[in-house]
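J.: Residue 215 in numbering that gives the first Met the number 0 sits at position 216 of the sequence shown, and the numbers go up by one each step.
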Amino acid sequence: MKKTNILPDKHILRITIIFIIIMMIIGTFFDLSISKALYDQNNIFGNILAAFGEYPSSLGFVASGTMIIIGRNKEHKVKNILQIILGIWFIISGSLMAAMLPTNYLDIPSILSIIIGLTCSILTILLITKLAKNTDRQTIIKLASVFIIVIFANIIIVNIIKIPWGRARYRLVAVNDQAYFMPWYQPGTTLKDTLVAQGVLKEEFKSFPSGHTANASCMLLISLLPALSPKLANKKNILFITGFIWTLLVALSRIIMGAHYLTDTMVALAVGTLVFITITKLIFSSR
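Now the structure itself:
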């Protein structure tokens, strides 16, 4: 497999980055007015994507665990066992995440959430198994590494920014007279300490950037699946666009729900996109 065939075409990536920059500029000036216009916590679209929008990260773990098991070193007994254990751990962890995430946002029976999560996990395992059937072990393990590092990097980076930044969510600003809008470039005001002392949850000050959007951006990883199957070689751009559209829909849903502003989602998307590009290049350029 040629290194240049791993990532989507450069012009697609450039357009993506330009789009994010434009949206970031728009959000810088119109964050508040956009949120005011779209805010609706009872919106069905917003609630459904709140429940399932982060699926790409949980199913990404399932996919990576499957790849680790398929690409394990069968000739080395210890490595073989350790990779099987590691693969099973990622599959179970991802499946549990997929099974439980929806109940945090939708009032649905737990058994239904579990069925949906496990069904999606099983389908992911079957898909990866089919695609990797004739793929060399090195490529499979490299791709598994990209999936794992990208997912963890997104979570870590977003939370490193989110926790100290302390931007109030719009849903708090909309109902609390003491809360006020803060532009994305203004971190760490005293508002958080004041309202938390009055009983407001710290969770209401984790607007910037959007964790949901960052996790949804893991959907971009599907554009790397052609590395497993040459039959998908001409589908990498459309797969990337599909992942990007999914992330935008999740970003829109977060604005509708008042959980994030446009700039929150665009920074998260920028983090997800740059991490995706950087890690993929680093892993697949190594020997």
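All residues carry an ideal CB built from backbone N, CA and C; glycine is no exception.
#1: Please determine, among Ile278, Ile20, Val149, the residue with the shortest C-alpha to C-alpha distance to alanine 215.
#2: Cβ of alanine 213 within 8 Å of Cβ of alanine 173?
#3: Tell me which residue opens and which closes the alpha helix (DSSP H) that isoleucine 160 is part of.
#4: Helix, strand or coil: how does DSSP classify asparagine 72 here?
#5: Is DSSP giving histidine 10 helix, strand or coil here?
#6: Using a threshold of 8 Å, state whether the C-beta atoms of isoleucine 20 and threonine 65 are closer than that.
#7: Which of the three DSSP states, helix, strand or coil, is assigned to glutamate 202?
#8: What do you reckon, are the CB atoms on histidine 259 and glycine 52 nearer than 8 Å?
#9: Give me, in chain order, the residues of the same chain whose beta-carbon lies closer than 6 Å to that of lysine 280; leave out the 5 immediate sequence neighbours on both sides.
#10: Leaving aside the five residues before and after threonine 134 along the sequence, list all residues of the same chain whose C-beta is less than 6 Å from its C-beta, in chain order.
#11: Report back the beta-carbon spacing between leucine 190 and tyrosine 179 to the nearest angstrom; my notes put them in contact at under 8 Å.
#12: Distance check for valine 77 and leucine 247, CA to CA, integer angstroms please.
#13: My output table needs one value for serine 209: the three-state DSSP class, helix, strand or coil.
#14: With DSSP run on the structure shown, which of helix, strand or coil describes methionine 218?
#15: I want to know whether the stretch 109–119 touches the stretch 229–236 - three or more CB-CB distances under 8 Å.
#16: Taking the alpha helix (DSSP H) that tryptophan 183 belongs to, which residues open and close that run?
#17: May I ask which residues mark the beginning and end of the alpha helix (DSSP H) holding alanine 49?
#18: Counting pairs of beta carbons, one from the stretch 154–174 and one from the stretch 90–104, are three or more of them closer than 8 Å?
#19: Between the C-alpha atoms of isoleucine 14 and histidine 75, what's the straight-line distance to the nearest angstrom?
#20: Does the beta-carbon distance from valine 145 to leucine 223 come in below 8 Å?
#21: What does a CB cutoff of less than 8 Å around lysine 201 pick up in its chain, not counting 5 residues either side in sequence?
#22: Would you mind sorting lysine 2 into buried or exposed? The rule is 16 or more other CB atoms within 10 Å of its CB.
#23: Buried or exposed, going by whether 16 or more other CB atoms sit within 10 Å of the CB of threonine 128?
#24: Tell me which same chain residues have a C-beta within less than 8 Å of the C-beta of threonine 188, skipping the five on either side of it?
#25: Have a look at Asn41, Asn175, Leu85, Val157 and flag the residue whose alpha-carbon is nearest the alpha-carbon of phenylalanine 293.
#26: For tyrosine 287, which of helix, strand or coil comes out of DSSP?
#27: Alpha carbon to alpha carbon, what distance is there between tyrosine 54 and asparagine 46?
#28: Can you round the beta-carbon distance between phenylalanine 275 and leucine 219 to whole angstroms, since I take them to be within the 8 Å contact cut?
#29: Is the beta carbon of aspartate 39 less than 8 Å from the beta carbon of isoleucine 221?
#30: Smallest Cα separation from glycine 26: which of Tyr104, Met265, Gly257?
T.: Based on what the coordinates show:
#1: As a working note, residue 215 is residue 216 in the sequence shown. Comparing Cα positions, the closest option is Val149.
#2: Reading the sequence shown from its first residue, position 214 is the one you call residue 213. Reading the sequence shown from its first residue, position 174 is the one you call residue 173. Against a cut-off of 8 Å, the Cβ pair of alanine 173 and alanine 213 comes out as no contact.
#3: As a first step, residue 160 must be located in the sequence shown, where it is residue number 161. Residues 136–164.
#4: By 1-based counting over the sequence shown, the position of residue 72 is 73. Here asparagine 72 sits in coil by DSSP.
#5: The residue you call residue 10 lines up with position 11 of the sequence shown. In the three-state DSSP reduction, histidine 10 falls in the helix class (H, G or I).
#6: For the purposes of this step, residue 20 is identified with residue 21 of the sequence shown, where counting begins at 1. For the purposes of this step, residue 65 is identified with residue 66 of the sequence shown, where counting begins at 1. No; because the gap between Cβ atoms is not below 8 Å, this pair is not in contact.
#7: On the sequence shown, residue 202 is found 203 positions in, with the first residue counted as 1. Three-state result, glutamate 202: helix.
#8: Along the sequence shown, one-based indexing puts residue 259 at 260. Along the sequence shown, one-based indexing puts residue 52 at 53. No, they are not a contact pair.
#9: Taking the first residue of the sequence shown as 1, we reach residue 280 at position 281. The answer is none, since no qualifying residue turns up.
#10: Locating residue 134 in the sequence shown gives position 135, counting from the first residue. Same-chain partners within the cutoff: Leu227.
#11: Counted from its first residue, the sequence shown places residue 190 at position 191. Counted from its first residue, the sequence shown places residue 179 at position 180. Going by Cβ atoms, the distance from leucine 190 to tyrosine 179 rounds to 7 Å, so yes, they are a contact pair.
#12: Within the sequence shown, numbered from 1, the residue matching residue 247 stands at position 248. Within the sequence shown, numbered from 1, the residue matching residue 77 stands at position 78. For leucine 247 and valine 77, the distance between alpha carbons rounds to 43 Å.
#13: Counting from one through the sequence shown, the residue named residue 209 turns up at place 210. Judged by DSSP in its simplified three-state form, serine 209 adopts coil rather than helix or strand.
#14: Within the sequence shown, residue 218 is the residue found at index 219, counting from 1. Methionine 218 falls in the helix class under three-state DSSP.
#15: no
#16: The count along the sequence shown starts at 1 and reaches residue 183 at position 184. Premise fails: tryptophan 183 is in no alpha helix (DSSP H) and is neither H nor E.
#17: As a first step, residue 49 is located in the sequence shown; it is residue number 50 there, counting from the start. Start and end: 43–51.
#18: no
#19: Residue mapping note: residue 14 aligns to position 15 of the sequence shown, counting from 1. Residue mapping note: residue 75 aligns to position 76 of the sequence shown, counting from 1. Pairing isoleucine 14 with histidine 75, the inter-Cα distance amounts to about 45 Å.
#20: Indexing the sequence shown from 1 puts residue 145 at position 146. Indexing the sequence shown from 1 puts residue 223 at position 224. Closer than 8 Å, so yes.
#21: Position 202 of the sequence shown holds residue 201. Taken in chain order, the residues that qualify are Lys191, Val195.
#22: On the sequence shown, residue 2 is found 3 positions in, with the first residue counted as 1. Below a pLDDT of 50, predicted positions are generally treated as unreliable, and lysine 2, at 47, falls in that range; the measurement from the model is reported next regardless. Its Cβ having fewer than 16 others within 10 Å, lysine 2 is exposed.
#23: Here residue 128 refers to the residue found at position 129 of the sequence shown. With fewer than 16 other Cβ atoms within 10 Å, it is exposed.
#24: Residue 188 sits at position 189 when you count from the first residue of the sequence shown. Apart from the 5 residues on each side of it in sequence, threonine 188 sits with its Cβ closer than 8 Å to the Cβ of Gly165, Met181 in its chain, given in chain order.
#25: There is no way to answer for residue 293, as the model of the chain reaches only from 0 to 286.
#26: The structure shown has nothing for residue 287, since the chain only spans 0 to 286.
#27: The sequence position of residue 46 within the sequence shown is 47, counting from 1. The sequence position of residue 54 within the sequence shown is 55, counting from 1. In this structure, the straight-line span from the alpha carbon of asparagine 46 to that of tyrosine 54 is close to 14 Å.
#28: As a position in the sequence shown, residue 275 is number 276, starting the count at 1. As a position in the sequence shown, residue 219 is number 220, starting the count at 1. Sure, about 5 Å apart at Cβ, within 8 Å.
#29: Counted from its first residue, the sequence shown places residue 39 at position 40. Counted from its first residue, the sequence shown places residue 221 at position 222. Result no, Cβ atoms of aspartate 39 and isoleucine 221 do not sit closer than 8 Å.
#30: Position 27 of the sequence shown, counted from the first residue, corresponds to residue 26. If we check each option's Cα against that of glycine 26, Met265 comes out closest.
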